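For the sequence shown, this note's numbering begins at 185 and goes up steadily by one.
Here the structure is laid out as structure tokens; the discussion comes afterwards.
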Amino acid sequence: MTRHRIAVLSLLVALALVAGCGSGTAQPPASITCHTQYRPDAGDLAGASEQSLTVDRVDDVASRVQRLEFDTLTLEVAYQGSAPEGNNVTVVVATSDGEPLVRDLYQFADGGELRREFAGGHGFTGLQYVFHEAASLQVWCVPGDT
């Protein structure tokens, strides 16, 4: 009788695991939106500007970088649904001369990871601060369908 219970329990656990394998996949969103706040003087709100950049998903190997340019910093974002290293979002903050200061790669299995959000409403990237000379740039990205 005990062997029978163990066999049934093992079968139920296996079925639950198999049933859960495909149910967690979510289609990646068609686009993401990255929000910014640029401050020419990091310690002062005077002259601050807020802009957003919407980047469509590209489902091939060639990435298509979208840019936002500020006085001393540039934001570059690419969103690939299919690439050699898998689904990914690349966020780069560079100087106005093109020298990268920060390069972050967010890899994900499906769209579910992009829908996770850090506290404060700052999307799947969380709130990032980048400082260069006197300026600062705040960046956070969210799925485009939210």
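Cβ coordinates follow ideal geometry from the N, Cα and C atoms, glycine included.
None of these values were measured; they are calculated from a predicted model.
- Item | Selected residue, minimal CA-CA separation from Ala278, among Thr217, Ala232, Leu321 | Ala278 has its Cα closest to that of Leu321, out of Thr217, Ala232, Leu321.
- Item | Residues that His316 bridges to, as DSSP identifies them | The partner list for His316 (beta bridge, DSSP) reads Ala319.
- Message: Under DSSP, the beta strand (DSSP E) around His219 begins and ends at which residues?
- Response: Segment 215 to 223, the beta strand (DSSP E) holding His219.
- Query: Any idea if Ala203 is buried or exposed, counting beta-carbon neighbours within 10 angstroms, 16 or more meaning buried?
  - Reply: Here Ala203 scores only 36 on pLDDT, less than 50, and its place in the model should not be relied on; the value that follows carries that caveat. Around the beta carbon of Ala203, fewer than 16 other beta carbons sit within 10 angstroms, so the residue counts as exposed.
- Item | Chain-order list of residues whose beta-carbon lies under 7 Å from that of Glu269 (same chain, five-residue window excluded) | If we look at Glu269 and ignore the five residues flanking it on each side, its Cβ neighbours are Gln291.
- Message: Could you check whether Ala318 and Pro224 sit closer than 8 Å to each other, using their CB atoms as the reference points?
- Response: A contact, by the Cβ cut-off of 8 Å.
- Query: Ala210 to Leu298, Cα distance in whole Å?
  - Reply: Using only the alpha carbons, I get a separation of about 10 Å.
- Please go through the same chain and pick out, in chain order, the residues whose beta-carbon is closer than 6 Å to the beta-carbon of Arg187, but skip the five residues on each side of it. With a pLDDT of 45 at Arg187, under the threshold of 50, the modelled position of that residue is not reliable, and the figure given next carries that caveat. No residues qualify anywhere along the chain.
- Task: In angstroms with no decimal places, state the Cα-to-Cα distance between Leu313 and Val323.
- Result: Before going on, a small fix: residue 313 reads as Tyr here, not Leu. Val323 has its alpha-carbon roughly 7 Å from the corresponding atom of Tyr313.
- Query: What distance in whole Å lies between the Cβ atoms of Val326 and Thr217, which are believed to be in contact at a cut-off of 8 Å?
  - Reply: The C-beta distance from Thr217 to Val326 rounds to 6 Å, short enough to fall under 8 Å.
- Task: Could you say which of Gly227, Gly231, His316, Leu229 lies nearest to Ser280 if we only look at CA atoms?
- Result: Taking only the C-alpha atoms, the option nearest Ser280 is His316.
- Message: For the beta strand (DSSP E) containing Glu260, name the first residue and the last one.
- Response: For Glu260, the enclosing beta strand (DSSP E) covers residues 257 to 264.
- Item | Arg241 (DSSP reduced to helix, strand or coil) | DSSP places Arg241 in coil when its eight states are reduced to three.
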